[in-house]
Amino acid sequence: DKRGLVKYVILSLVVGVLELFGIALIYPFINKLISEGYKTSTVILGCGIVLAFIIKNVFMVFYNFLQADFVKKCEVKIDEIFMKYFLTGSYGSISKIPLAQKLNMLGFLPVNAINNYLVRILNLVVNFFVFFLITVFLFYKFFYATLVTVVCSIVFLGIQTVFFKKKTSDISNKILKANEDLNLTQNEPLLNLK
Numbered sequence: 016d017k018r019g020l021v022k023y024v025i026l027s028l029v030v031g032v033l034e035l036f037g038i039a040l041i042y043p044f045i046n047k048l049i050s051e052g053y054k055t056s057t058v059i060l061g062c063g064i065v066l067a068f069i070i071k072n073v074f075m076v077f078y079n080f081l082q083a084d085f086v087k088k089c090e091v092k093i094d095e096i097f098m099k100y101f102l103t104g105s106y107g108s109i110s111k112i113p114l115a116q117k118l119n120m121l122g123f124l125p126v127n128a129i130n131n132y133l134v135r136i137l138n139l140v141v142n143f144f145v146f147f148l149i150t151v152f153l154f155y156k157f158f159y160a161t162l163v164t165v166v167c168s169i170v171f172l173g174i175q176t177v178f179f180k181k182k183t184s185d186i187s188n189k190i191l192k193a194n195e196d197l198n199l200t201q202n203e204p205l206l207n208l209k
C-alpha cells in the first residue's frame, strides 16, 4: 500500500514539526521568564507551550491509531492472499507444501513481516524526522551542550537496549504462543481441503 506509506511519511513530518515547535518555544520562554519574571506575556507564552504539547500529543494518539489500523489491515490482507491461494489454487501444487509451512505462512509470517519491518519502518520515519529537526535546531542554538547530550543519549540507548533484551524475548515467546493458538484455528480448513 504505497499511498498509505506516503501518507505516514507526511504525517511523520508533521509530528516532527510539532515536536520542534514545542521545544523551540521553551528557549524564548525561559529567556523571557528570567528577564521579565511572571508578566502576562510570559504566562501567555507558557500557556502556548503547554497547548503546543497537548496538540502534539493528541495528534500522536491519532497518528498511532491510524498506524495500528493500517498495520492490521496489511496483516489481514496478506493472510487473505495466502488463504485464498491455499483454498482455490491447484490441489497438486498446494499438496506439495508441508502443513507446517502452510501454517507458518498463515500465522507467523504475516505478523512477523508486519511487526519486524513495516511497524519498525513507520516508527523509524517518525523518530528520524523528530530527531533530525530537533537536533538541527539544538546544534544551531547550543552546539556543545547538544553534542554532549547526543553522545550521552547514544550511551543510554545502548544500556536500555541491553536491559530490555530479556523483556523483548519474553514478549516474543508470548507472540509465538499466540501464533500457535491461531494455527490451531486455521488448521481445520487446510486439513479438510481434500
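All you need for our numbering is the position in the sequence shown, starting with 1, plus 15. Ideal Cβ positions, reconstructed from N, Cα and C, are used throughout, including at glycine. As the structure is a prediction and not an experimental result, all values here were calculated from the model.
Contact check, Ala67 vs Phe36 under 8 angstroms by CB: the rounded distance?
6 angstroms
To the nearest angstrom, how far is the alpha carbon of Ile25 from that of Asn119?
34 angstroms
Ile121: which of Leu102, Asn46, Asn79, Asn131 sits nearest, CA to CA?
For the record, residue 121 in the displayed sequence is Leu; it is not Ile. Considering only alpha carbons, the answer is Leu102.
Taking Phe146 as the reference, which of Leu20, Leu28, Leu114 has the closest Cα?
Leu28
Would the beta-carbon of Val30 fall within 8 angstroms of that of Phe80?
no
Threshold first: 4 residues or longer. Then list the alpha helix (DSSP H) segments lying entirely within the region 34-115, N to C.
55-103, 106-109
From what residue to what residue does the alpha helix (DSSP H) around Phe152 run?
134-156
DSSP three-state assignment for Phe171, whether helix, strand or coil
helix
Could you tell me whether the region 57-66 touches the region 32-46, using the rule of 3 or more Cβ pairs below 8 angstroms?
Three or more Cβ pairs closer than 8 angstroms define a contact, and the region 57-66 meets that threshold against the region 32-46.
In whole angstroms, what is the alpha-carbon distance linking Ile70 and Phe171?
Their backbone Cα atoms lie some 29 angstroms apart in a straight line.
Give a yes or no on whether 8 angstroms exceeds the smallest Cβ distance from Lys92 to chain D.
In the structure shown, chain D does not exist; there is a single protein chain.
Should Val163 be labelled buried (16 or more other beta-carbon atoms within 10 Å of its own) or exposed?
For Val163, the number of other beta carbons within 10 angstroms of its own is below 16, and it is reported as exposed.
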